[in-house]
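Take a look at the structure below.
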Amino acid sequence: MFPVSGDWTAAQTEAYLTERRIPIRLACRTPNGGLWMLSLWYILRDGALHCATGASADVVRYLRADPGVAFEVSDNEPPYCGVRGAGQVTLEPDEDKELLRELMERYLGGTDHSLGQRLLQPEREEVHLRIEPERAYTWDFGERMADVVAEADD
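All residue numbers for the sequence shown refer to full-length UniProt numbering, where the first residue is 1 and numbers rise by one.
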């Protein structure tokens, strides 16, 4: 597991990233120095975050120019909690779309749907993004938002 600080232990962070089905928000730089952010499906494996995207996606070109990224996986509903950090990305082909299939299983429960048919077309090239976090920070506002959440449930 990568270095983590904040409200959770490394084990709690790993459990959160494994259990949640929330896309990762990934930020990087464009070749002209601008900022770019996108959301991708991910899976945590071997201490790294793994994502897939089409080979023609702009972010692939951006990451080839500068592999440094920031990322966040966080709940959108109170009480807010999550993981954010920074790291480096390596890119390689997802030759048989194995990672993409695994991500569709994780997020959609399978590949037998129109999106799966479109993404798994043989002529479509897929890229595997491996995010190696260098540091991460966790936060959990559950305690400080307990009364807000209780009121919302009433």
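Just so you know, even glycine gets a beta-carbon here, dropped at the ideal spot from N, CA and C.
- Restricting attention to beta strand (DSSP E) runs no shorter than 3 residues, the region 7–31 encloses them at 24–29, ordered along the chain.
- Measuring C-alpha to C-alpha distances from residue 42 to each of 110, 58 and 73 identifies 73 as the nearest.
- Along the region 28–99, the alpha helix (DSSP H) occurs as fully enclosed runs of 4 or more residues at 58–65, listed in sequence order.
- Collapsing the DSSP output to three states places residue 126 in a strand.
- Contact between the region 13–26 and the region 42–53 is established, with three or more Cβ pairs separated by less than 8 Å.
- Around the beta carbon of residue 136, 16 or more other beta carbons sit within 10 angstroms, so the residue counts as buried.
- The beta carbons of residue 91 and residue 127 sit closer together than 9 Å.
- Residue 35 is positioned such that its CB atom lies no closer than 9 Å to that of residue 53.
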